[in-house]
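Chemist: Chains as they are written, first to last, in our numbering: chain A, 1 to 301; chain B, 1001 to 1417.
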Amino acid sequence: MTAHTFTHLDALESESIHIMREVAAECKNPALLFSGGKDSIVMLRLAEKAFRPAKFPFPLVHIDTEHNFPEVIATRDKLAADLGERLIVRSLEDSIKRGSIVIKDPDKPRNPYQSVTLLETIAEFGFDACMGGARRDEEKARAKERIFSFRDEFGQWDPKNQRPELWDIYNTRVHAGENIRVFPISNWTEMDIWEYIAREKLYIPEIYYAHKREVIRRGNSVIPVSHLVQPKPGEKVEVLSVRFRTVGDMTCTAPVESCASNAQEIIEETSTTRITERGATRMDDQTSEASMELRKKEGYF
Amino acid sequence: MSNATQLLRFITAGSVDDGKSTLIGRLLHDSKSIFEDQLSAISKTSEKRGMAAVDLSLLTDGLQAEREQGITIDVAYRYFATPKRKFIIGDTPGHEQYTRNMVTAASTANLVVILIDARKGVLTQTRRHTYLASLVGVPHIVLAVNKMDMVGYSEDTFNAIVAEYRAFAAQLGIHDVTCIPMSALNGDMVVEHGDNLSWYKGAPLLDFLENVVIDYDVNTADFRYPVQWVCRPQTNEYHDFRGYMGRIESGEIAVGDEITVLPSGRTSKVKEIVTYDGKLQRAYAPQSVTLTLEDEIDISRGDMFVKSGVNPPKVEKEFESMLCWLSEAPLDLNRKYIIKHTTRMVKCLFSRLEYRVDVNTLAHHATDKLNMNDIARVAMKVQQPLALDHYGKNRFTGSFIVIDEATNNTVAAGMIV
C-alpha cells in the first residue's frame, strides 16, 4: 500500500481502530454492544483489526428485546463463539420480571424500552464506556452526536451541552457513575458498511439478502409475518422477494422488495435507492420528527 | 487504484444570509444525495411554515430545539459521495459561539469553503473565518462568491472581491485560494457550470472538491507514532509477543528502521509491522498498525516513536501555544488543568497570557483573562515532558486539548507555536 492507494474505506477503518484503542486504553471497564446486525458485525471485524493477536480487552454485550429475528440471534451466538470472545446477554424480559419495564402490549415494538435494560446492564457490570455501531448518516439527531458521547448518571444525553471534539483527541474522562457511549463508525455511511462487508467477506445474517418471505401490507409499509405479527381480518398474506436493510424489532422492521442476493448486488441497489435506510425500514422512527432525539435523551444508544 | 475513492472532509463558513445552507442543500440535492423521504419531510415542514418553495436548509437542522427556533446550535456532520470521492461536511452555525464551533469543525477538515455575498463583498466575518481557517491550518481554502445572480453575474464585481480578498489572505500568509463565482440558489457553478457565468473558465465547486490534491495534507516526511496500547496476548502461540499499537500520525516506517522512543530517548529497530491482514514491509500515515521492536525496552502508552536523528520533535515541559477557549467558565490562572496531547495526559499550568487576538481586526491586545471564544497566545508548563511539533508542521503532534479536572469538560483547544 502507498499513500496513493489509501482509500476512503482504509481511512474510515483506521479511524475506527484508533477510536477503539483509545477506549481500551483510557476507559476502566468498557464493553462493545453487539447485536448480530450488520453494523455490529463490522464493529467486530474492526475490533479484531484493533486488538489481534490478543483477545478483546472488553466483553460483547447484547440487550435482547426478544423481538429479534432468530437468524440474527443465531449469527450473534455463532460469531461470538467463533471469535472465542465473551458475550453477555441481558433481556428485556428480565427487566419486565423485575418490574422496571411495564409493557402494555407484549407484541408492540420494544425499542423504546431497550434503554432501561441497557442502563440496568451498565449498572450491573459497572461499564464506564459502551461502544455502539450507530452511524451519523442514519438519522438527524445522530448527525449532531459526538464520537465520544458523554452521558450523565441517568444515562441521559444533553444535545445542547456536548463536549467539543477536536482533531482526533478524545476526552474519555468521566466521574464515577457516569459513562460514555462511543461510536467508532460514526463517519461511515450505509454504503461504506456494504462495501466493507464485501471487501472483508463478512458473514452476516441471511435475511439481509433477498429471500422469499410472507408479508402483509399496512399503510405504506410491508411487514414480515411472524409469531408476533399475524394478519388482521381482511389483510392478505403475500409472498415477496425481500431483504432487510436493518434488522431490529420484528414488529416494526420492514423489509424492502429486492432481488439482491449478495453484497455486491446490494451495493448496486444502495447506490440507486431513493429512500434512507431508516425511512424505508423503521416504522418507530417515523412517528415524529424527533423520535430518535427523544429516545437518546432517555438513554438509548 | 481505479476504483479507489478518497475521503475529503470539508467545512463551510458563512452565515445563513450568505446562502450556506442553500449551498449544502444544493450540493446534496444535485449530487443526488438527498433521499425521497428526507425531501418529503422537509417539504411538509416548509409548507407548515408557509414557505413557497422547499427550504433546503431544513435538511441540516437536526434537533427538535433547532427546528422549533429555526437555528443551528452545534456542529453537524453530513455525508455524500460521488464516483470520485466520499465527502464529510462539517456544518457549523454562523452566529454566536461561532469561533468555538468553527475551530472544532475545522480541526479535522482538509478544506474550507468561505462564503461571501457578492452584494456585500469582504466583510468582517469573512476575515474572521479566514483567520480561524489559517489558525487551525486547514490546508485548502475556497472562496465562494455567492449570489452572483443578484449582481447581474458581473465579472467586474467578482474580480474586485477576489482582489480584496487575496490582499487580506496574503497578510495571513495564505496564497493558495481558489475563488469561484456562484449562485447556489440557481445552481450555477455548484455542480453544473450553468450558462450564466460563461466568462468564468474554472471548474464548478463539486468538480474542484473531487479533484483537489489532498495526498500531501498530512506531513509525509516526519515519522510520528504515539503508542496507544501495548499488546501482550500471553497465549501459547504468542507467548513472548509484545506489540506497540498505534496510528502513524505522519511520515512512514519500514522494517529495520531505527527508532527513538520519546521522551526517554532509548533506541531500537523495527522488527515487524503487524496487521490483521498480514505483516508489512512498510507503512504510512494514517495507517493503524502494530510495531514490534528488536530490543526489549520499557515502553508504555503515551510514549512516541520517531525515526532516529531525522527532524526530531522538541521534548519539553515549557512551551507556548495558541489557545482557543471553548468553555463558558473562563480560564482560571490559579488552577491546574489536564492536557491531552496525542495519547498522553498530563497536568498543566498556564504561566502567562501573552496577548489575545481580536478575530475581527487581527489586532493583539494585552489580557489577563480568557473567556469562551477567545483566542490567545499563552505560555504553559506541564508536569512531564511532551514530544512537540510546531502545529504548522504537524497537525497531529502539534495539537492538544485542555480538560477541566473538576468537571471533566473539554475547555480549550491548543496549537503549539
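Glycine included, every Cβ here is placed at the ideal spot set by N, Cα and C.
Check whether chain A comes within 9 Å of I1416(B), counting only Cβ atoms and requiring the distance to be less than that.
Modeler: no
Chemist: Of all Cβ atoms in chain B, is any one closer than 9 Å to the Cβ of A3(A)?
Modeler: Note on A3(A): pLDDT 46, under 50, position unreliable in the model; the coordinate value appears next. Residue-level contact by beta carbon holds for A3(A) and chain B, with a gap shorter than 9 Å.
Chemist: Taking 9 Å as the cut-off, decide whether the C-beta atoms of P53(A) and E1237(B) are in contact.
Modeler: yes
Chemist: Comparing the CB of I101(A) with every heavy atom of the ligand NAP, is any distance shorter than 8 Å?
Modeler: Because no ligand of any kind appears in the structure shown, any question about the ligand NAP cannot be addressed here.
Chemist: Does the structure place the region 180 to 187 of chain A close enough to the region 1116 to 1133 of chain B that three or more beta carbon pairs sit under 8 Å?
Modeler: no
Chemist: Taking a Cβ distance cut-off of 8 Å, strictly less, list which residues of the region 1316 to 1336 of chain B are near chain A, in chain order.
Modeler: Within the region 1316 to 1336 of chain B, the qualifying residues are L1326.
Chemist: Mind listing the chain B neighbours of R52(A)? Cutoff is C-beta to C-beta under 8 Å, in chain order.
Modeler: Y1276
Chemist: Can you tell me whether S149(A) is helix, strand or coil according to DSSP?
Modeler: strand
Chemist: On the three-state DSSP scale, how would you describe Q1228(B)?
Modeler: strand
Chemist: Among residues of its own chain, excluding the 5 on either side of Q1006(B), which ones have a beta-carbon nearer than 7 Å to its beta-carbon?
Modeler: R1085 and I1214
Chemist: Excluding the five sequence neighbours on either side, which residues of its own chain have a C-beta within less than 6 Å of the C-beta of V229(A), listed in chain order?
Modeler: Within the same chain, V229(A) has close Cβ partners I223 and T251.
Chemist: When Cβ atoms are compared, which residues of the region 17 to 34 of chain A fall closer than 7 Å to chain B?
Modeler: I17, H18, R21, E22, A24 and A25
Chemist: Per DSSP, S1154(B) is paired with what?
Modeler: DSSP lists no partner for S1154(B).
Chemist: Among residues of its own chain, excluding the 5 on either side of E15(A), which ones have a beta-carbon nearer than 7 Å to its beta-carbon?
Modeler: Excluding the 5 residues flanking it on each side, E15(A) has same chain C-beta neighbours closer than 7 Å at N187, in chain order.
Chemist: List, in order along the chain, the chain A residues whose C-beta lies closer than 8 Å to that of T998(B)?
Modeler: With chain B covering only 1001 through 1417, there is no way to say anything about residue 998(B).
Chemist: According to DSSP, S241(A) sits in a beta bridge with which residue or residues?
Modeler: K212(A)
Chemist: Mapping the DSSP letters down to three states, classify A1170(B) as helix, strand or coil.
Modeler: helix
Chemist: Would M1001(B) count as contacting chain A if we go by Cβ distances under 9 Å?
Modeler: Confidence is the limiting factor: at M1001(B) the pLDDT is only 32, short of 50, which leaves the residue's position unreliable and the question unanswerable from this model.
Chemist: Is S1040(B) helix, strand or coil by DSSP?
Modeler: helix
Chemist: Can the beta-carbon of P205(A) be found less than 9 Å from the beta-carbon of E66(A)?
Modeler: By the CB criterion at 9 Å, P205(A) and E66(A) fall outside the cutoff.
Chemist: Taking 9 Å as the CB-CB limit, is N1408(B) close to chain A?
Modeler: yes
Chemist: Taking the beta carbon of W1199(B) as the centre, do at least 16 other beta carbons fall within 10 Å, making it buried, or is it exposed?
Modeler: So W1199(B) counts as exposed.
Chemist: Distance cutoff 9 Å, beta carbons only. Does A11(A) sit that close to anything in chain B?
Modeler: yes
Chemist: For the candidate residues P255(A), H227(A), L118(A) and F125(A), whose alpha-carbon lies nearest to that of I108(A)?
Modeler: Looking at the sequence shown, residue 108(A) is not Ile but Lys. Minimum Cα-Cα distance from K108(A) among the listed residues P255(A), H227(A), L118(A) and F125(A) corresponds to H227(A).
Chemist: Just checking my contact of P164(A) with L1135(B) at CB under 8 Å: how many whole Å lie between their CB atoms?
Modeler: So it is not a contact: roughly 15 Å between Cβ atoms.
Chemist: Between G1137(B) and D1091(B), what straight-line distance do the alpha-carbon atoms span, to the nearest angstrom?
Modeler: 18 Å
Chemist: Anyone know if the C-beta pair for V1075(B) and T1099(B) falls short of 9 Å?
Modeler: no
Chemist: Cβ closer than 9 Å: which chain B residues qualify as neighbours of K49(A)?
Modeler: T1275, Y1276, D1277 and S1288
Chemist: I'd like to know if A254(A) contacts chain B, where contact means its C-beta is closer than 9 Å to some C-beta of that chain.
Modeler: no
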